[in-house]
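Asks: Line order of the protein sequences matches chains U and A.
Be aware that the first sequence starts at 1, since it is given in our numbering, and climbs by one per residue.
Be aware that the second sequence starts at 121, since it is given in our numbering, and climbs by one per residue.
Every residue gets a Cβ at the ideal spot worked out from N, C-alpha and C, and that includes glycine.
Bear in mind that the values here come from a model prediction, so they are computed numbers and not experimental data.
2 protein chains.
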Amino acid sequence: MTIAPVPDGRAELAQAVERCCATEGSSPVMRADAELVARLLKAVADPVRLQILGIVRCSPGMEVCACDLPAPLGIAQPTVSHHLKILVEAGLLTRERRGQWAWFTLVPDRLSLARRALEV
Amino acid sequence: MTIAPVPDGRAELAQAVERCCATEGSSPVMRADAELVARLLKAVADPVRLQILGIVRCSPGMEVCACDLPAPLGIAQPTVSHHLKILVEAGLLTRERRGQWAWFTLVPDRLSLARRALEV
DNA sequence: CCTCCATATTGACATATGTCGATCTGAGGT
DNA sequence: ACCTCAGATCGACATATGTCAATATGGAGG
């Protein structure tokens, strides 16, 4: 995925989500908002990344070491790294270095935001 | 999107979703389930399709005529048809012919399923 | 400083995806 | 029958995406 990073620190995405799913006869979704939301959803819409999120969710503290992923996922290390990068850039995971290892923690709020984007 | 249709009549997808988001220390997501869920999420993870869903949601009866879409979306008719096909195959819309027009109706349950797939 | 190990990045590749113009199909109306 | 219009499909194209081998990076420990 070409990584035009989702502006996550700011509330832009959250606002776009609200505008997209505003209940009642709200104005149809604007393209710019849709682009922003789609970028977040694209990050989740991949089998491997769904598996990663599942593994992290089930791990104590909702965090996992990158070294533990290639085996259960059955894919090469660079590929895992690639997917982790996408999830981090989407704001769904945070990265933290511990010694020579990289740990990734789930950001539940971000996942909630993605879910909210699909509200009717 | 190459259209390996999501098995929507059957409950397979719904079961896959449940297995993927089963709360507590459930077993990590299996690849096959993740593939199924990803196919549904991919259908939603596109700016144009998000806009289409937004328009349908805001329309009376949650239904819309295909003829009313190219203008607000700003894309050509074949492209609209392409996206509608993907949404129908994902089970998010149903198609109905009325005379020479094609009407599309939202399937809220399907959208709920997609949302459920993102539960933590 | 040099080596080892875990990650990240790069380059190359095949495939998937979004887009449009041109054409086919199907339902009315004359 | 014919014509017309809405929609679907086809063909072509550029770009995006997922994958891996090879290589670079960066911390830990001798």
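Starting from residue 96(U), trace the beta strand (DSSP E) in both directions and tell me its first and last residue.
Replies: Counted from its first residue, the first sequence places residue 96(U) at position 96. Note, residue 96(U): beta strand (DSSP E), 93 to 98.
Asks: Residue range of the alpha helix (DSSP H) that residue 32(U) falls in?
Replies: In the first sequence, the residue the question calls residue 32(U) occupies position 32. From DSSP, the alpha helix (DSSP H) with residue 32(U) extends over 31 to 44.
Asks: Check the DSSP bridge columns for residue 106(U) and list the partner residues they point to.
Replies: Translated into the one-based positions of the first sequence, residue 106(U) becomes position 106. BP columns for residue 106(U) point to 93(U).
Asks: Who are residue 64(U)'s beta bridge partners in DSSP?
Replies: Translated into the one-based positions of the first sequence, residue 64(U) becomes position 64. Paired residue(s): 104(U).
Asks: Counting only the same chain and skipping the five closest in sequence on each side, list residues whose C-beta sits under 7 Å from that of residue 51(U).
Replies: As a working mapping, residue 51(U) is identified with position 51 in the first sequence. Contacts found: 73.
Asks: Relative to chain A, which residues along the region 49 to 72 of chain U have a C-beta separation below 7 Å, given in chain order?
Replies: So the close ones are 50, 51, 54, 55, 57, 58 and 72.
Asks: Kindly indicate if chain A contains any beta-carbon less than 9 Å away from that of residue 12(U).
Replies: To locate residue 12(U), count along the first sequence from 1; it is residue 12. Chain A, which has no Cβ nearer than 9 Å to the Cβ of residue 12(U), makes this no.
Asks: When you compare each of 85(U), 98(U) and 96(U) to residue 44(U) by their alpha carbons, which one comes out closest?
Replies: Position 44 of the first sequence holds residue 44(U). Among 85(U), 98(U) and 96(U), the Cα nearest to that of residue 44(U) is on 85(U).
Asks: Hey, how far is the Cα of residue 213(A) from the Cα of residue 181(A)?
Replies: To locate residue 213(A), count along the second sequence from 1; it is residue 93. To locate residue 181(A), count along the second sequence from 1; it is residue 61. The alpha-carbon atoms of residue 213(A) and residue 181(A) are separated by roughly 13 Å.
Asks: Determine which residues of the region 87 to 116 of chain U have a Cβ less than 9 Å from any Cβ of chain A, and write them out in chain order.
Replies: If the cut-off is 9 Å between Cβ atoms, the region 87 to 116 of chain U has 106, 108, 111, 112, 114, 115 and 116 near chain A.
Asks: Starting from the beta carbon of residue 162(A), find every residue of chain U whose beta carbon is closer than 9 Å, and list them in chain order.
Replies: In the second sequence, counting from the first residue as 1, residue 162(A) sits at position 42. Simply 41, 42, 45 and 46.
Asks: Among 166(A), 186(A), 139(A) and 191(A), which one has its Cα closest to the Cα of residue 58(U)?
Replies: One-based indexing of the first sequence puts residue 58(U) at position 58. Taking only the C-alpha atoms, the option nearest residue 58(U) is 139(A).
Asks: Quick check on DSSP: helix, strand or coil for residue 75(U)?
Replies: Taking the first sequence and counting its residues from 1, the one referred to as residue 75(U) is at position 75. Looking at residue 75(U) - three-state DSSP - the assignment turns out to be coil, as it is neither helix nor strand.
Asks: Residues of chain A with CB closer than 7 Å to the CB of residue 37(U), please, in chain order.
Replies: Here residue 37(U) refers to the residue found at position 37 of the first sequence. Result: 170.
Asks: Of all Cβ atoms in chain U, is any one closer than 9 Å to the Cβ of residue 238(A)?
Replies: Along the second sequence, read from residue 1 onward, the residue named residue 238(A) stands at position 118. True, the Cβ-Cβ gap to chain U drops below 9 Å.
Asks: How would you list, in chain order, the residues of chain U whose beta-carbon sits under 7 Å from the beta-carbon of residue 149(A)?
Replies: Position 29 of the second sequence, counted from the start, is the residue given in the question as residue 149(A). Per Cβ cutoff of 7 Å: 50, 51 and 54.
Asks: Does the beta carbon of residue 196(A) come closer than 9 Å to any beta carbon on chain U?
Replies: Counting from one through the second sequence, the residue named residue 196(A) turns up at place 76. No, because no Cβ of chain U sits closer than 9 Å to the Cβ of residue 196(A).
Asks: Just tell me which of 239(A), 184(A) and 173(A) has its CA closest to the CA of residue 218(A).
Replies: Taking the first residue of the second sequence as 1, we reach residue 218(A) at position 98. If we check each option's Cα against that of residue 218(A), 184(A) comes out closest.
Asks: Residue 34(U) touches chain A at which residues, Cβ-Cβ below 8 Å?
Replies: Looking up residue 34(U) in the first sequence gives position 34. Within chain A, the residues near residue 34(U) are 167, 168, 170, 171 and 174.
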